[in-house]
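Okay, so here's the structure we're looking at.
Residue numbers (this note's numbering): 120 to 205.
Take a look at the structure:
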């Protein structure tokens, strides 16, 4: 991933409404196969999409920050070389 894109992800502000959560989850969903425990990490954010009162708390902030961290770490974004040893 290009450094410019990594910086944009790191600078991504926490969502302030359901549409913002859906947008963020839509983006990070592309990388879910690279993130161990993705569903567990994203759980608090997915809960906000339901018919519950909007409340951005510590759990939601932690999930948001953790997903951003996982996406911007280099090893997460690397696929194995097809002709390499496994």
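Just so you know, even glycine gets a beta-carbon here, dropped at the ideal spot from N, CA and C.
My assumption, with CB atoms under 8 Å, is that residue 137 sits in contact with residue 187. Please give the rounded CB distance.
That pair is no contact at about 19 Å.
Residue 179 burial status per 10 Å Cβ neighbour count (16 or more: buried):
buried
State yes or no: is the C-beta of residue 167 within less than 8 Å of the C-beta of residue 173?
yes
So residue 158 is in the alpha helix (DSSP H); what residue range does that whole segment cover?
157–167
To the nearest angstrom, how far is the alpha carbon of residue 159 from that of residue 151?
11 Å
Take residue 134 as the anchor and find which of 126, 125, 144 has the nearest alpha-carbon.
144
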